[in-house]
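Engineer: Attaching a single structure in C-alpha coordinates format; questions to follow.
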Amino acid sequence: AWPASDHPFAMVRMIADAARQLWLKIVSYGGMHLVVAILVAWAITRDWRLALAVGMIEPVVQTLAFAVHDRVWHRIERRGRLSGLQEASEAIEGRLGLHDHHACNHALPTSFKTLAAKSFSYGIMHFAVAVTVAFALTRDWRIALAVGTIEPLVQTVFFTLHDQIWRRIERRRAGLNPDPVPPAENTV
(Lines of atoms letter the chains of each structure in order from A and count residues from 1; the text may use other names and numbers.)
(Lines give C-alpha, C1' and ligand atoms only; values in the text may rest on other atoms or scores of the structure.)
Protein backbone atom coordinates (compact mmCIF):
# COMPACT_ATOMS: atom_id res chain seq x y z
CA ALA A 1 0.00 0.00 0.00
CA TRP A 2 1.30 3.41 -0.99
CA PRO A 3 0.99 6.44 1.30
CA ALA A 4 -1.36 8.97 -0.35
CA SER A 5 1.42 11.50 -0.97
CA ASP A 6 3.76 8.88 -2.51
CA HIS A 7 1.16 7.28 -4.76
CA PRO A 8 2.43 7.19 -8.36
CA PHE A 9 -0.68 9.00 -9.57
CA ALA A 10 -0.65 11.70 -6.87
CA MET A 11 1.08 14.20 -9.19
CA VAL A 12 -1.33 13.40 -12.03
CA ARG A 13 -4.28 13.88 -9.68
CA MET A 14 -2.82 17.17 -8.40
CA ILE A 15 -2.34 18.48 -11.96
CA ALA A 16 -5.86 17.37 -12.94
CA ASP A 17 -7.31 19.12 -9.87
CA ALA A 18 -5.42 22.34 -10.69
CA ALA A 19 -6.61 22.22 -14.31
CA ARG A 20 -10.21 21.60 -13.18
CA GLN A 21 -10.04 24.51 -10.74
CA LEU A 22 -8.63 26.82 -13.44
CA TRP A 23 -11.39 25.72 -15.83
CA LEU A 24 -14.06 26.38 -13.18
CA LYS A 25 -12.60 29.83 -12.52
CA ILE A 26 -12.64 30.71 -16.21
CA VAL A 27 -16.18 29.33 -16.74
CA SER A 28 -17.53 31.21 -13.70
CA TYR A 29 -15.92 34.40 -14.98
CA GLY A 30 -17.44 33.84 -18.44
CA GLY A 31 -20.94 33.34 -17.03
CA MET A 32 -20.73 36.43 -14.85
CA HIS A 33 -19.38 38.44 -17.75
CA LEU A 34 -22.12 37.29 -20.12
CA VAL A 35 -24.95 38.44 -17.86
CA VAL A 36 -23.39 41.81 -17.04
CA ALA A 37 -22.41 42.52 -20.68
CA ILE A 38 -25.94 41.86 -21.98
CA LEU A 39 -27.55 44.02 -19.30
CA VAL A 40 -25.13 46.92 -19.79
CA ALA A 41 -25.41 46.76 -23.59
CA TRP A 42 -29.21 46.77 -23.32
CA ALA A 43 -29.14 49.71 -20.89
CA ILE A 44 -27.06 51.69 -23.42
CA THR A 45 -28.80 50.71 -26.67
CA ARG A 46 -32.33 49.76 -25.52
CA ASP A 47 -32.16 47.20 -28.34
CA TRP A 48 -32.27 43.54 -27.27
CA ARG A 49 -30.83 42.27 -30.57
CA LEU A 50 -27.80 44.53 -30.30
CA ALA A 51 -27.49 43.86 -26.56
CA LEU A 52 -27.52 40.11 -27.18
CA ALA A 53 -24.99 40.41 -30.02
CA VAL A 54 -22.60 42.56 -27.98
CA GLY A 55 -23.38 40.60 -24.83
CA MET A 56 -22.70 37.23 -26.44
CA ILE A 57 -19.60 38.00 -28.52
CA GLU A 58 -17.78 40.46 -26.25
CA PRO A 59 -17.70 38.08 -23.23
CA VAL A 60 -16.30 35.25 -25.35
CA VAL A 61 -13.43 37.49 -26.48
CA GLN A 62 -13.05 38.87 -22.93
CA THR A 63 -13.01 35.36 -21.43
CA LEU A 64 -10.13 34.40 -23.71
CA ALA A 65 -8.34 37.64 -22.79
CA PHE A 66 -9.12 36.96 -19.09
CA ALA A 67 -7.51 33.52 -19.30
CA VAL A 68 -4.32 35.12 -20.65
CA HIS A 69 -4.51 37.97 -18.09
CA ASP A 70 -5.02 35.54 -15.22
CA ARG A 71 -2.09 33.33 -16.30
CA VAL A 72 0.21 36.35 -16.67
CA TRP A 73 -0.70 37.60 -13.19
CA HIS A 74 -0.35 34.11 -11.75
CA ARG A 75 3.20 33.97 -13.12
CA ILE A 76 3.98 37.47 -11.84
CA GLU A 77 2.72 36.61 -8.38
CA ARG A 78 4.45 33.25 -8.40
CA ARG A 79 7.83 34.54 -9.54
CA GLY A 80 7.71 37.34 -7.04
CA ARG A 81 8.34 40.13 -9.54
CA LEU A 82 6.32 42.30 -7.21
CA SER A 83 8.07 40.78 -4.21
CA GLY A 84 10.19 43.85 -3.49
CA LEU A 85 7.08 45.97 -3.11
CA GLN A 86 5.23 43.16 -1.37
CA GLU A 87 8.09 42.43 1.01
CA ALA A 88 8.35 46.11 1.94
CA SER A 89 4.61 46.42 2.54
CA GLU A 90 4.55 43.12 4.43
CA ALA A 91 7.45 44.27 6.61
CA ILE A 92 5.57 47.44 7.50
CA GLU A 93 2.34 45.48 8.02
CA GLY A 94 4.29 43.01 10.20
CA ARG A 95 5.69 45.83 12.35
CA LEU A 96 2.19 47.20 12.79
CA GLY A 97 0.84 43.74 13.61
CA LEU A 98 -1.36 43.71 10.52
CA HIS A 99 0.32 40.85 8.63
CA ASP A 100 0.95 37.24 9.62
CA HIS A 101 3.83 36.24 7.34
CA HIS A 102 3.39 32.51 8.05
CA ALA A 103 -0.27 32.52 6.97
CA CYS A 104 0.57 34.02 3.59
CA ASN A 105 0.69 32.05 0.34
CA HIS A 106 2.89 34.11 -1.97
CA ALA A 107 1.36 32.50 -5.06
CA LEU A 108 -1.79 34.50 -4.35
CA PRO A 109 -2.30 38.28 -4.22
CA THR A 110 -1.35 39.30 -0.70
CA SER A 111 -1.82 43.02 -0.63
CA PHE A 112 -4.33 45.62 -1.66
CA LYS A 113 -1.71 47.14 -3.97
CA THR A 114 -1.30 43.86 -5.87
CA LEU A 115 -5.06 43.37 -6.12
CA ALA A 116 -5.46 46.99 -7.27
CA ALA A 117 -2.74 46.63 -9.93
CA LYS A 118 -4.31 43.38 -11.15
CA SER A 119 -7.78 44.99 -11.27
CA PHE A 120 -6.43 48.11 -13.04
CA SER A 121 -4.66 46.07 -15.73
CA TYR A 122 -7.84 44.06 -16.16
CA GLY A 123 -9.85 47.28 -16.63
CA ILE A 124 -7.50 48.58 -19.35
CA MET A 125 -7.57 45.26 -21.19
CA HIS A 126 -11.33 45.10 -20.86
CA PHE A 127 -11.83 48.64 -22.23
CA ALA A 128 -9.80 47.89 -25.36
CA VAL A 129 -11.62 44.63 -26.09
CA ALA A 130 -15.08 46.08 -25.35
CA VAL A 131 -14.63 49.11 -27.64
CA THR A 132 -13.25 46.96 -30.45
CA VAL A 133 -16.06 44.38 -30.28
CA ALA A 134 -18.83 46.98 -29.85
CA PHE A 135 -17.56 49.00 -32.81
CA ALA A 136 -17.21 45.90 -34.99
CA LEU A 137 -20.86 45.04 -34.27
CA THR A 138 -22.46 48.51 -34.33
CA ARG A 139 -20.16 50.59 -36.58
CA ASP A 140 -21.04 53.48 -34.24
CA TRP A 141 -18.16 55.03 -32.25
CA ARG A 142 -20.52 56.64 -29.72
CA ILE A 143 -22.10 53.33 -28.79
CA ALA A 144 -18.71 51.58 -28.90
CA LEU A 145 -17.15 54.14 -26.55
CA ALA A 146 -20.17 54.06 -24.22
CA VAL A 147 -20.09 50.26 -24.07
CA GLY A 148 -16.30 50.34 -23.82
CA THR A 149 -16.40 52.80 -20.92
CA ILE A 150 -19.41 51.72 -18.87
CA GLU A 151 -19.32 47.95 -19.34
CA PRO A 152 -15.67 47.53 -18.22
CA LEU A 153 -16.26 49.72 -15.15
CA VAL A 154 -19.17 47.52 -14.11
CA GLN A 155 -17.25 44.37 -15.03
CA THR A 156 -14.17 45.52 -13.09
CA VAL A 157 -16.25 45.71 -9.92
CA PHE A 158 -17.58 42.22 -10.58
CA PHE A 159 -14.07 41.00 -11.56
CA THR A 160 -12.68 42.22 -8.24
CA LEU A 161 -15.45 40.39 -6.35
CA HIS A 162 -14.89 37.29 -8.51
CA ASP A 163 -11.15 37.42 -7.85
CA GLN A 164 -11.67 37.77 -4.08
CA ILE A 165 -14.04 34.79 -4.05
CA TRP A 166 -11.55 32.67 -5.98
CA ARG A 167 -8.71 33.83 -3.74
CA ARG A 168 -10.68 32.52 -0.75
CA ILE A 169 -11.27 29.23 -2.56
CA GLU A 170 -7.57 28.93 -3.44
CA ARG A 171 -6.51 29.77 0.13
CA ARG A 172 -8.94 27.19 1.51
CA ARG A 173 -7.61 24.54 -0.92
CA ALA A 174 -4.04 25.42 0.09
CA GLY A 175 -4.98 24.75 3.71
CA LEU A 176 -4.77 28.41 4.70
CA ASN A 177 -7.33 30.53 6.48
CA PRO A 178 -9.63 31.87 3.71
CA ASP A 179 -10.11 35.16 5.57
CA PRO A 180 -6.81 36.03 7.23
CA VAL A 181 -7.35 38.21 10.26
CA PRO A 182 -4.53 40.34 11.66
CA PRO A 183 -3.26 38.92 14.95
CA ALA A 184 -4.58 40.67 18.03
CA GLU A 185 -2.02 42.85 19.73
CA ASN A 186 -1.18 42.32 23.34
CA THR A 187 -2.43 45.49 25.03
CA VAL A 188 -1.40 44.62 28.58
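Residue 242, in my numbering, is where the sequence shown stops; the numbers in between run on with no holes. Every residue gets a Cβ at the ideal spot worked out from N, C-alpha and C, and that includes glycine.
Enumerate in chain order the residues of its own chain whose CB-to-CB distance from TRP220 is below 6 Å, with the five nearest sequence positions on each side excluded.
Structural biologist: Only LYS79 meet the Cβ criterion.
Engineer: Going along the chain, which residues of its own chain have a beta-carbon closer than 7 Å to the beta-carbon of VAL208, five neighbours each way excluded?
Structural biologist: Correct list, in chain order: VAL90, VAL94.
Engineer: Touching or not, the region 209-228 and the region 185-201, by the rule of three or more beta carbon pairs under 8 Å?
Structural biologist: The region 209-228 is not in contact with the region 185-201.
Engineer: So what's ARG67 in DSSP terms, helix, strand or just coil?
Structural biologist: The answer is helix: DSSP assigns ARG67 an H, G or I state.
Engineer: Assign SER165 to one of three DSSP states: helix, strand, or coil.
Structural biologist: Residue state, collapsed to three classes: coil.
Engineer: Using the Cα positions of ASP101 and THR192, report the straight-line distance between them to the nearest angstrom.
Structural biologist: For ASP101 and THR192, the distance between alpha carbons rounds to 11 Å.
Engineer: Should LYS167 go down as buried or exposed, given a rule of 16 or more other Cβ atoms within 10 Å for buried?
Structural biologist: That one is exposed.
Engineer: Please classify ILE98 as buried or exposed, where buried requires at least 16 neighbouring CB atoms within 10 angstroms.
Structural biologist: Buried: at least 16 other Cβ atoms inside 10 Å.
Engineer: In its own chain, which residues sit with a C-beta less than 7 Å from the C-beta of ALA105, not counting the 5 before and 5 after it?
Structural biologist: Correct list, in chain order: ILE92, ALA95, TRP96, THR99.
Engineer: Looking at the structure shown, is GLY229 part of a helix, part of a strand, or coil, going by DSSP?
Structural biologist: Looking at GLY229 - three-state DSSP - the assignment turns out to be coil, as it is neither helix nor strand.
Engineer: Check whether the Cβ atoms of GLU112 and ALA182 sit closer than 9 Å, and answer yes or no.
Structural biologist: Contact flag unset, no.
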